Amino acid sequence: MTDPSRNRAWIEVDFDALRGNFELLQRSAGRHARVLPMVKADAYGVGARAVVTALELLDPVGYGVATAAEGIALRGWGIDREVIVFAPLPPGDVGPAAAYGLTVTVSDLAALARWVEAGQTWPGLSFHVEIDTGMGRAGFDWRECLHWAPEVLSLAGEVVRWSGVFTHFHSADTAEAAATTTQWARFQDALAQLPVSREDLVVHAANSAASARWPEFAADMVRAGIFLYGGSAAEPGVSCLRPLPVVSVYARVVLVRDVPPGSSVGYGATHVARGWERWATVAIGYGDGLPRSLGNRGHMLVRGRRVPIVGRISMDMTVVDITGLDDVGPGEIATVIGRSGDETIAVDEVAEAAGTISYEILTGFTPRLPRLERERE
Ligand SMILES: *Cc1c(COP(=O)(O)O)cnc(C)c1O
């Protein structure tokens, strides 16, 4: 039997490029800082298990996730490195997180009290303190350090270990650099007031964009997500390290027809052929995670040629105008993200056309698309 996984639509992951991106960031961060791969949301849709398996070869300091369940899944795959959960835990998740030895991030004293309580049952637990320097969604206020920090220390007592402190940048990817340098200064301000010695804490701030742009903000650890998966870490024009592409998305052409002038395509008949056109129906739609907003806006590559998406995207099918391309028939590969001949569609281009960010494109691909290892050329 031939492998059916490339029959319809699929994702290919270049694990060498993934590791290459990790090493690019590690070199830029310097010898004193470690790269913490963020593998939340199924490693940004790429497939966490395969990503972690690939990264294990590089001996990362640990992994970052967003939920207790994601951390517990890592334990199930045999990962016993540090796993840090980077979103405030719903109270019901505290017990499971503790039972699997995850490290939590703490933004208020009530959450710390719950962690301390779990620590009575599960000895050896740690936590990192988040400091809010402007992101606003989590963290203790950077201006109130003298108020909360001593309370954190005494509440933790000998039960759970305060092992790290961090902040999160809100605009490291934008041309405006001042916002990030301001947040960094606030973070330094707060650090100087902590009642814990700097040497006893893992200090971290940088996400991909900050790591790719400001190696001097690497501190002890950088939290790298999108860069590992090949998403551009910053706006075009911003000078920074750029990642290797990691993710390609392909789908098969399933039907080709020559249509006369006046023919319409898709729900709402939003595209009407002006002359004779050749349309190819491609087996991918919004049910696969191809954003519906790409209707009449996005492109695919067929035989190295950039061809426009015509009409609205359906749940399971998308039509491209391949007028002028001969000999294209069912089974031909259409490239949604990736390279074909001399042409490339980057995940950032798709995001831009869809009015969103690469993160949402990657995490949006549904389980209908198998995630496959890229075959070496
Ligand atoms: C997701 C996340 C990151 C990674 O962000 P990227 O922009 O993908 O590098 C870093 N830190 C925290 C707290 C996160 O939640």
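Residue numbers for the sequence shown follow the numbering used here, so the first one is 2 and each next one is one higher.
Cβ coordinates follow ideal geometry from the N, Cα and C atoms, glycine included.
For clarity, every value in this text was computed on a predicted model and none was experimentally measured.
- Task: Report back the beta-carbon spacing between A179 and E236 to the nearest angstrom; my notes put them in contact at under 8 Å.
- Result: With a Cβ gap of about 15 Å, A179 and E236 do not count as contacting.
- Query: By Cβ distance below 6 Å, which residues in the same chain neighbour E13 in space, the five residues on each side in sequence not counted?
  - Reply: S249, L373 and R375
- Less than 8 Å between the CB atoms is what I'm expecting for Y45 and G72, so what's the real figure, rounded? Rounded, the Cβ-Cβ distance is 16 Å, inconsistent with contact.
- Task: Pull up the distance between the alpha-carbon of F218 and that of V197, whole angstroms please.
- Result: 20 Å
- From R293 to G356, what distance separates their C-alpha atoms? 11 Å
- 8 Å contact criterion, which Y287 and M316 should meet: CB distance rounded: 6 Å
- Residue from P89, E131, G135 and M136 whose Cα sits closest to the Cα of R115: P89
- Kindly list the residues whose CB is nearer than 7 Å to the CB of S108, restricted to its own chain and excluding five residues on each side of it in sequence; keep chain order. P89, E131, A139, G140 and F141
- Please name the residue in A207, E353 and V203 whose C-alpha comes closest to that of S164. V203
- For W185, does the count of other Cβ atoms within 10 angstroms reach 16, so buried, or fall short, so exposed? buried
- Beta-carbon separation of W277 and V311 under 8 Å? no
- Item | DSSP bridge partner residues for H300 (one or two, in chain order) | P309
- Query: How long is the line joining the alpha carbons of G339 and F16, rounded to whole angstroms?
  - Reply: 15 Å
- Item | Alpha carbon of G238 to alpha carbon of D174, nearest angstrom | 11 Å
- Hey, would you say the C-beta of N8 is under 7 Å away from at least one heavy atom of ligand 1? no
- Would the C-beta of R224 count as close to ligand 1, meaning under 7 Å from any of its heavy atoms? yes
- Item | Buried versus exposed call for R214 [16 or more other C-beta atoms within 10 Å across all chains shown] | buried
- Message: Just to check my reading of the structure: A69 and A98 have Cβ atoms closer than 8 Å, yes? What is that Cβ distance to the nearest angstrom?
- Response: 4 Å
- Query: Can you tell me whether DSSP reads E236 as helix, strand or coil?
  - Reply: coil
- Message: Helix, strand or coil for L19? Go by DSSP, reduced to three states.
- Response: helix
- Query: Where do the N-terminal and C-terminal ends of the beta strand (DSSP E) with W280 fall, by residue?
  - Reply: E278 to V283
- Query: Less than 7 Å between the CB of N385 and some heavy atom of ligand 1, yes or no?
  - Reply: Past the boundaries of the shown model lies residue 385; the chain is included only from 2 to 378, so the question cannot be answered.
- Query: Looking at the unbroken alpha helix (DSSP H) that takes in G365, where does it start and where does it end?
  - Reply: S359 to G365
- Quick one: what's got a C-beta closer than 6 Å to G135's C-beta in the same chain, skipping five residues either side? H171 and Q184
- Task: Taking all protein chains shown into account, decide if L58 is buried (16 or more other Cβ within 10 angstroms of its Cβ) or exposed.
- Result: exposed
- Check: A69 C-beta below 7 Å from any heavy atom of ligand 1: no
- Query: Who are the near neighbours of R369 in its chain, counting only those whose CB is closer than 7 Å to its CB and skipping five residues on each side?
  - Reply: G288 and D289
- To the nearest angstrom, how far is it from the Cα of V321 to the Cα of E353? 19 Å
- Message: For V255 and A274, which I take to be in contact (beta-carbon distance under 8 Å), what is that distance rounded to the nearest angstrom?
- Response: Not really, about 19 Å apart at Cβ, beyond 8 Å.
- Spatial distance of R258 from V166 (CA atoms): 60 Å
- Could you have a look at R9 and say whether DSSP puts it in helix, strand or coil? coil
- Task: List in chain order: all unbroken alpha helix (DSSP H) runs of 4+ residues lying wholly within the stretch 134-200.
- Result: 146-157 and 179-192
- Item | Burial state of Q121 (16 or more Cβ within 10 Å) | exposed
- Item | Those residues which DSSP pairs with L373 across a bridge | E13
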